[in-house]
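Peer 1: Next up is a structure, given as structure tokens.
Protein chains: 2
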Amino acid sequence: MANKHVKEMEALKEHLGKHQLKLTRQRELILNAFLRQEHITAEAMYHQLAKADPHLGLATIYRTLNLFCDAGLAQARHFGSQTKYDNVSHKGHHDHLICTGCEKIVEFENEEIERLQEEVATRNGFIIKTHRLELYGLCSRCRH
Amino acid sequence: MANKHVKEMEALKEHLGKHQLKLTRQRELILNAFLRQEHITAEAMYHQLAKADPHLGLATIYRTLNLFCDAGLAQARHFGSQTKYDNVSHKGHHDHLICTGCEKIVEFENEEIERLQEEVATRNGFIIKTHRLELYGLCSRCRH
DNA sequence: TATAATTTTGAGACAGCTTATCAATTTCAA
DNA sequence: TTGAAATTGATAAGCTGTCTCAAAATTATA
Numbered sequence: 204m205a206n207k208h209v210k211e212m213e214a215l216k217e218h219l220g221k222h223q224l225k226l227t228r229q230r231e232l233i234l235n236a237f238l239r240q241e242h243i244t245a246e247a248m249y250h251q252l253a254k255a256d257p258h259l260g261l262a263t264i265y266r267t268l269n270l271f272c273d274a275g276l277a278q279a280r281h282f283g284s285q286t287k288y289d290n291v292s293h294k295g296h297h298d299h300l301i302c303t304g305c306e307k308i309v310e311f312e313n314e315e316i317e318r319l320q321e322e323v324a325t326r327n328g329f330i331i332k333t334h335r336l337e338l339y340g341l342c343s344r345c346r347h
Numbered sequence: 204m205a206n207k208h209v210k211e212m213e214a215l216k217e218h219l220g221k222h223q224l225k226l227t228r229q230r231e232l233i234l235n236a237f238l239r240q241e242h243i244t245a246e247a248m249y250h251q252l253a254k255a256d257p258h259l260g261l262a263t264i265y266r267t268l269n270l271f272c273d274a275g276l277a278q279a280r281h282f283g284s285q286t287k288y289d290n291v292s293h294k295g296h297h298d299h300l301i302c303t304g305c306e307k308i309v310e311f312e313n314e315e316i317e318r319l320q321e322e323v324a325t326r327n328g329f330i331i332k333t334h335r336l337e338l339y340g341l342c343s344r345c346r347h
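For the record, the sequence lines run as chains C and Z.
Heads up: take any position in the first sequence, counting from 1, add 203, and you land on the working numbering.
Heads up: take any position in the second sequence, counting from 1, add 203, and you land on the working numbering.
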């Protein structure tokens, strides 16, 4: 259980080493908690970790999640007014299907859509760096 | 000039009528200003309208733009921490190409992408209500 | 291992954007 | 014209996220 996220831990250590940053108890704690989720907000993580460490500050959570983004382990996504951090350490790019009924989020990837996006960009003289595609609707359960 | 947005005005009036809302001088003023733009923030509109009516409050702008969204005349889009309101009264759905260099926004629509989105949704048991697709990159000018 | 330089943390202040509050004003149906 | 109901303007408050800074933790060095 404690050794489950070795690879990501190594990736984090590598990033820390390259940037004169330090490995702290909090960063380890937050990394392990983060890797157990798919999409989570800083606030949610704050409450979740309150049991493990009641003095862990919200600012530290934000700082650390942003650090994970820099290290390529996480990716921030803005859903409405909230920012959710995705675990992208072990998977490639993906887009989202979001149920407006139960808030469920389904990930997907579609090569063909990606290709068409490139085509549109090229036609307009753009070079894409990133993109975001979110489909909002009702999942099969919420439809009834 | 004053009569240019008759159709949208009618649409607004219809919405107001259906919901026991009233047509005010401010709503007319804001509608006319709004229809002259493609994408605008409440703050920008506030400054823009300060000349026409120095006492027009920012809260009224927000309230009114949200009203336009309810009426189907506008659509709110979150770009980073800002919310931009799009004029969607006279055009169909469209997506965005956004230059991260100069903030330029280019609209586009692509039937094929839309179709593939439906396909993905169906495969996952979803029924799409709305979606958002934003491509971030550099435009031809900013690339040099 | 002890030391010192450097980074990190926690707590709360602060900032940016948006909504809520509420008395005064305006609209509109009768 | 009148009066109930909605709207406005000003500002307080809320929310999310970042900044500040003294105290604590980490890491390189001796």
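Glycine included, each C-beta is placed from N, C-alpha and C at the ideal position.
1) Could you give the DSSP three-state label for V291(C): helix, strand or coil?
2) Taking Cβ to Cβ, would you say C345(Z) is nearer than 7 Å to C302(Z)?
3) If you draw a straight line from the alpha carbon of G283(C) to that of T267(C), how long is it in whole angstroms?
4) Under 8 Å Cβ-Cβ, which residues of chain Z neighbour K332(C)?
5) With H, G and I counted as helix, E and B as strand and the rest as coil, what does DSSP make of H218(C)?
6) One question on the structure: do N235(C) and H218(C) come within less than 7 Å of each other, judged by their Cβ atoms?
7) Using only alpha-carbon positions, find the residue among Q223(C), L252(C), K221(C), E246(C) that is nearest to E231(C).
8) Of all the CB atoms in chain Z, is at least one closer than 7 Å to the CB of Q278(C)?
9) Since F271(C) sits in a beta bridge, which residues does DSSP pair it with?
10) If I'm right that L226(C) touches F329(Z) with Cβ under 8 Å, what's the distance once you round it to whole angstroms?
11) Who are the neighbours of E315(Z) on chain C, taking C-beta pairs under 7 Å?
12) Let me check understanding here. Comparing Cα to Cα, which of I264(C), N313(C), L336(C), Q223(C) lies closest to M248(C)?
13) In chain order, what residues of the same chain have a beta carbon less than 6 Å from the beta carbon of M204(C), not counting five sequence neighbours either side?
14) Residues in the same chain with beta-carbon distance under 7 Å from E317(Z), minus the five sequence neighbours each way, listed in chain order, please.
15) Between which residues of its own chain and E312(Z) is the CB-CB distance below 6 Å, once the five residues before and five after are set aside?
16) Whose C-beta lies closer than 7 Å to the C-beta of H242(Z) among residues of the same chain, with five residues either side of it excluded?
17) Among the candidates P257(Z), A279(Z), E211(Z), C305(Z), whose CA atom is the shortest distance from the CA of H347(Z)?
18) Helix, strand or coil: which one does DSSP assign to F329(Z)?
19) From the beta carbon of R335(Z), is the nearest beta carbon of chain C less than 7 Å away?
20) In chain C, which residues lie with their C-beta within 7 Å of the C-beta of V291(Z)?
21) When burial is assigned at 16 or more other CB atoms within 10 Å of the CB, is Q223(C) buried or exposed?
22) Using a Cβ cut-off of 9 Å, pull out every chain Z residue sitting near G283(C), in sequence order please.
23) CB L276(C) to CB E211(C), shorter than 7 Å?
24) Assuming A245(C) is part of the alpha helix (DSSP H), what are its boundary residues?
25) On the criterion of 16 or more Cβ atoms from any shown chain inside 10 Å, does Q320(Z) qualify as buried, or is it exposed?
26) Below 7 Å on C-beta distance, what does V309(Z) contact in chain C?
Peer 2: If we stick to the structure as given:
1) Position 88 of the first sequence, counting from 1, holds the residue named residue 291(C). Coil.
2) The residue given as residue 345(Z) occupies position 142 in the second sequence. The residue given as residue 302(Z) occupies position 99 in the second sequence. Yes, the pair counts as a contact, with Cβ atoms nearer than the cut-off.
3) On the first sequence, position 80 is the one that residue 283(C) refers to. On the first sequence, position 64 is the one that residue 267(C) refers to. Pairing G283(C) with T267(C), the inter-Cα distance amounts to about 22 Å.
4) Numbered from its first residue, the first sequence carries residue 332(C) at position 129. T303, Y339, G340, L341, listed in chain order.
5) Residue numbering aside, residue 218(C) sits at position 15 when the first sequence is read from its first letter. In this structure, H218(C) counts as helix in the three-state DSSP scheme.
6) Your numbering for residue 235(C) matches position 32 in the first sequence. Your numbering for residue 218(C) matches position 15 in the first sequence. The Cβ atoms of N235(C) and H218(C) lie no closer than 7 Å to each other.
7) For the purposes of this step, residue 231(C) is identified with residue 28 of the first sequence, where counting begins at 1. Nearest C-alpha to E231(C): L252(C).
8) Locating residue 278(C) in the first sequence gives position 75, counting from the first residue. So, not an interface residue.
9) As a working note, residue 271(C) is residue 68 in the first sequence. Answer is none; F271(C) lacks a bridge partner.
10) What you label residue 226(C) is simply residue 23 of the first sequence in a count that begins at 1. What you label residue 329(Z) is simply residue 126 of the second sequence in a count that begins at 1. Actually they are not in contact, since the Cβ atoms of L226(C) and F329(Z) sit about 41 Å apart, beyond 8 Å.
11) One-based indexing of the second sequence puts residue 315(Z) at position 112. Under the 7 Å cutoff, chain C gives L319.
12) Locating residue 248(C) in the first sequence gives position 45, where the first residue counts as 1. Shortest Cα-Cα distance from M248(C) to any of I264(C), N313(C), L336(C), Q223(C) involves I264(C).
13) Counted from its first residue, the first sequence places residue 204(C) at position 1. Confidence is the limiting factor: at M204(C) the pLDDT is only 49, short of 50, which leaves the residue's position unreliable and the question unanswerable from this model.
14) Working through the second sequence from its first residue, we reach residue 317(Z) at position 114. Excluding residues within five positions, none has a Cβ falling inside 7 Å.
15) As a position in the second sequence, residue 312(Z) is number 109, starting the count at 1. Cβ within range, chain order: H297.
16) Locating residue 242(Z) in the second sequence gives position 39, counting from the first residue. Excluding residues within five positions, the ones whose Cβ falls inside 7 Å are K287, D289, I308.
17) Taking the second sequence and counting its residues from 1, one reaches residue 347(Z) at position 144. If we check each option's Cα against that of H347(Z), C305(Z) comes out closest.
18) Within the second sequence, numbered from 1, the residue matching residue 329(Z) stands at position 126. Reduced to three states, the DSSP call for F329(Z) is coil.
19) For the purposes of this step, residue 335(Z) is taken as the residue at position 132 of the second sequence. Cβ-Cβ to chain C under 7 Å: yes for R335(Z).
20) As a first step, residue 291(Z) must be located in the second sequence, where it is residue number 88. None at all; the shortest Cβ gap to chain C is about 16 Å.
21) Working through the first sequence from its first residue, we reach residue 223(C) at position 20. So Q223(C) counts as exposed.
22) To locate residue 283(C), count along the first sequence from 1; it is residue 80. Result: H281.
23) On the first sequence, residue 276(C) is found 73 positions in, with the first residue counted as 1. On the first sequence, residue 211(C) is found 8 positions in, with the first residue counted as 1. Cβ atoms of L276(C) and E211(C): closer than 7 Å.
24) Along the first sequence, one-based indexing puts residue 245(C) at 42. For A245(C), the enclosing alpha helix (DSSP H) starts and ends at 245 to 252.
25) For the purposes of this step, residue 320(Z) is taken as the residue at position 117 of the second sequence. By the neighbour-count rule (16 or more Cβ atoms within 10 Å), Q320(Z) is buried.
26) Sequence index remark: in the second sequence, residue 309(Z) carries index 106 (1-based). Within chain C, the residues placing a beta-carbon under 7 Å from that of V309(Z) are N327, ordered along the chain.
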